[in-house]
Amino acid sequence: MSVVYILWLREVKKYLRSRVQIVASLGGPLMYLGVLGFGLAPVFQRAGEGSYMQFMAPGVIGMTVLFTAMFSGIAMLWDRQFGFLKETLVAPVPRIAIMTGRTLGGATVAVLQGTLIFVVTLIAGFRPVSVLAVPLAFLVIALIAAIFSALATAIGSMLTQMQGFQMVMNFLVMPLFFLSGAIYPLDGLPRVLAALTRIDPLTYGVDGVRGLLTGRTHFGVMVDVAVLLGVGVLFVVAGAWRFSKIEA
Amino acid sequence: MSERPIIRVQHVAKSFGTVAAVNDVSFEVFPGEIFAFLGPNGAGKTTTIRMLTTLLQPTSGSLELDGLDPTTHQTEVRRRFGVVFQDPSLDSELTAWENMNIHGVLYHVPRAVRRERSETLLRMFELWDRRDDLVKTFSGGMKRRLEIARGLLHTPKVLFLDEPTLGLDPQSRNQMWSLVKSLNAAERVTVFLTTHYMDEADRVADRIAVIDHGRLVATGSSAELKQQTNTESLEAAFLALTGTTIRDESASAADQMRQVVRVWRGR
């Protein structure tokens, strides 16, 4: 049994056992779907943009994956403060293996959570244009999960206090979500806002998922996937580098 | 002793900025010994353990564990020791068996050996019946016993115990040291321990080193330290060597986190 596998399995087992966390994490997405989804639907429809639920569902899935993956950084902070990280850091294994196991575990949990929200959106009335597009969309979702799980590892390696993660949530995660075009179209934005949306990796993730599930895309799915792969490599390298420097 | 030391620390110093945590410390530990490393809060005990266990690099001086330098042969050194940290390092959301299994995989213990040795150790530490329970349901003493069992899973040559009995009741402490003593005898594992309980050091340690303000102030058996200080007990000898001034140690990050958790839980 490999080190990567056992650390991946640890993350997945912990997620599947924490039913309260699973239910609690549905709160935010349900709020967006229920309140914004139905609340803004008439306005969106009158503006000639079609069904807001169709537009917003991929954004809410992207949001769920982003938040869940970033929370794997908190899990590392928790492990650091309560000692389990030390147990792995004194083990005779390369740190890259530890980092990979944790990152893949965090990414898997994010995909599982995204799947749950996908089912919820179906119940709420979202309809993908093609059943065949769903597996492809989940490849993009997995890419989003891996990217932000690697980013969370990089950030979790730098932080030593829980308060630091609050700052990350407020000044990084929330902007990543609100600038991603998850809840509004990217057309006709003010220049500064448009520029900001383009440097947000989640923008390409949401656009890719939306393109595959609804046929509506801003950049084109190929561009989205290419950007995500590029950013993914960058974040994985950054995460591995930061993790190699971590002190228990 | 003519045997080659399993731990050799020579003129080691470690500074954090302008603070010298360990200052020109030298000592040797021999195979099969139970070696107690005593000192007041902030004396440099944990820093020394962190250097020996590859978590910190010394500012100067040299370290050896089983003939290998922990700063240059990290992986080889890590295979040779087990460690129970001052702060708990179990995953409380996993079962005892799962914690053992993860450790075994991290230390490349073959599956069959892993299973057999996990069972032996869990039985020895009286945790076999609770192997499938989540660690978060365990008492403090059970968690400590599990940590020691886990630290021994890969059959290390040296077991580091950094204040392993902190916060345990006398019964748990007594049971734990009996187990450590019997394991030391049965497997000839060298034990390097720190504790604030002088009676424990007196009872289990073959030799004792006392560190204060980062400097080693005495080394010898309990009897030798008592004789050296002309005292009747190890505690009196310790106070004679280190003084009676109370030492303040800033709260560790883990202590601060526990405080946050207590506030959140409203207690």
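Chains as they are written, first to last, in our numbering: chain A, 2 to 249; chain B, 266 to 532.
Glycine is no exception: its CB is placed at the ideal position from the N, C-alpha and C atoms.
Predicted model only: the values in this text are computed from it and were never measured.
Open item on the list: According to DSSP, is Gln322 (chain B) part of a helix, a strand, or is it coil?
Closed with: coil
TODO: Please compile the residues from chain B whose C-beta is within a distance smaller than 7 Å of the C-beta of Arg18 (chain A).
DONE: Glu358
Task: Span of the beta strand (DSSP E) around His478 (chain B) - done: That residue, His478 (chain B), is in no beta strand (DSSP E); it is neither H nor E in DSSP.
Open item on the list: Could you give the first and the last residue of the continuous beta strand (DSSP E) run that contains Ser291 (chain B)?
Closed with: Val284 to Val294
- [ ] Could you check what DSSP says for Ser280 (chain B) in three-state terms: helix, strand or coil?
- [x] strand
Task: chain A contacts made by the segment 319 to 353 of chain B, where a contact means CB separation under 7 Å - done: Thr319, Leu320, Thr340, Arg343, Arg344, Val348, Phe350, Asp352 and Pro353
Open item on the list: Just to confirm before moving on: does the CB-CB distance between Thr459 (chain B) and Thr311 (chain B) stay below 9 Å?
Closed with: Yes, the Cβ-Cβ distance between Thr459 (chain B) and Thr311 (chain B) is below 9 Å.
- [ ] Label Asn495 (chain B) either buried or exposed according to how many other C-beta atoms from any shown protein chain fall within 10 Å of its C-beta, with 16 as the threshold for buried.
- [x] exposed
Task: Beta-carbon proximity check, Val290 (chain B) vs Thr324 (chain B), cutoff 9 Å - done: Taking C-beta atoms as the reference points, Val290 (chain B) and Thr324 (chain B) fail to come closer than 9 Å.
Task: Every unbroken alpha helix (DSSP H) inside the segment 381 to 464 of chain B [4 residues or more] - done: Look at the segment 381 to 464 of chain B and you find these whole runs of alpha helix (DSSP H), each 4 residues long or longer: 405 to 417 and 435 to 452.
Open item on the list: Using 8 Å for Cβ pairs, my map puts Val287 (chain B) next to Ser357 (chain B). What's the rounded Cβ distance?
Closed with: With a Cβ gap of about 32 Å, Val287 (chain B) and Ser357 (chain B) do not count as contacting.
Task: chain B contact for Arg254 (chain A) (CB, 9 Å cutoff) - done: Past the boundaries of the shown model lies residue 254 (chain A); chain A is included only from 2 to 249, so the question cannot be answered.
Task: Any C-beta of chain B under 9 Å from that of Ser150 (chain A) - done: no
- [ ] Go to Leu336 (chain A), then tell me how far its alpha helix (DSSP H) extends in each direction, as first and last residue.
- [x] There is simply no residue 336 (chain A) to check, as chain A begins at 2 and stops at 249 in what is shown.
Task: Nearest-angstrom Cα separation, counted from Thr318 (chain B) out to Arg103 (chain A) - done: 23 Å
Task: Span of the beta strand (DSSP E) around Val349 (chain B) - done: Phe346 to Val349
- [ ] Taking 9 Å as the cut-off, decide whether the C-beta atoms of Met163 (chain A) and Leu86 (chain A) are in contact.
- [x] no
Open item on the list: Using a 10 Å radius around the Cβ and a threshold of 16 neighbouring Cβ atoms, would you call Lys408 (chain B) buried or exposed?
Closed with: buried
Task: Cutoff 7 Å; reference Trp242 (chain A); Cβ partners in own chain excluding five residues on either side - done: none
TODO: Let me know if Asn366 (chain B) comes out buried or exposed under the rule of 16 or more other beta-carbons within 10 Å of its beta-carbon.
DONE: buried
Task: Span of the alpha helix (DSSP H), counted from its first residue to its last, around Ile299 (chain B) - done: Here Ile299 (chain B) belongs to no alpha helix (DSSP H); instead the beta strand (DSSP E) covers Ile299 to Leu303.
- [ ] List the residues of chain B that Gly28 (chain A) touches, going by C-beta distances under 9 Å, in chain order.
- [x] Simply none; closest approach about 18 Å.
Task: Own chain partners of Phe390 (chain B) with C-beta closer than 8 Å, once the 5 adjacent residues on each side are dropped - done: Same-chain partners within the cutoff: Arg410, Leu411, Ile413, Ala414 and Leu444.
- [ ] Report the three-state DSSP secondary structure of Val21 (chain A) (helix, strand or coil).
- [x] helix
Open item on the list: As a quick exercise: from B:Glu298, B:Thr360, B:Ile476 and B:Gly405, pick the residue whose alpha carbon is nearest that of Arg396 (chain B).
Closed with: B:Thr360
- [ ] At 7 Å on the CB atoms, spell out the chain A contacts of Ile367 (chain B), in chain order.
- [x] Near Ile367 (chain B) (Cβ distances below 7 Å), the residues of chain A are Ile7 and Arg11.
Task: CA-to-CA distance, Thr420 (chain B) to Gln440 (chain B), given in whole angstroms - done: 21 Å
- [ ] List the residues of chain B that Gly233 (chain A) touches, going by C-beta distances under 9 Å, in chain order.
- [x] Identification of chain B residues near Gly233 (chain A) by a Cβ-Cβ cut-off of 9 Å yields none; the smallest Cβ-Cβ distance measures about 27 Å.
Open item on the list: Quick test of the definition: if touching needs 3 or more C-beta pairs under 8 Å, does the segment 162 to 181 of chain A touch the segment 93 to 112 of chain A?
Closed with: With the cut-off at 8 Å, the segment 162 to 181 of chain A and the segment 93 to 112 of chain A do not touch.
- [ ] Would you mind telling me which residues of chain B sit closer than 8 Å to Phe179 (chain A), beta carbon to beta carbon, in chain order?
- [x] Per Cβ cutoff of 8 Å: no residues; Phe179 (chain A) is ~27 Å from chain B at best.
Task: chain A residues whose Cβ lies nearer than 7 Å to that of Leu317 (chain B) - done: Near Leu317 (chain B) there are no residues of chain A at all, since even the closest Cβ is about 11 Å away, more than 7 Å.
Open item on the list: Less than 9 Å between the beta carbons of Ile271 (chain B) and Val469 (chain B), yes or no?
Closed with: no
Open item on the list: Only counting the same chain, and skipping five residues up and downstream in sequence, which positions put a Cβ closer than 8 Å to that of Glu452 (chain B)?
Closed with: Leu417 and Thr420
Open item on the list: With three or more beta-carbon pairs closer than 8 Å as the criterion, would you say the segment 291 to 298 of chain B touches the segment 344 to 355 of chain B?
Closed with: no
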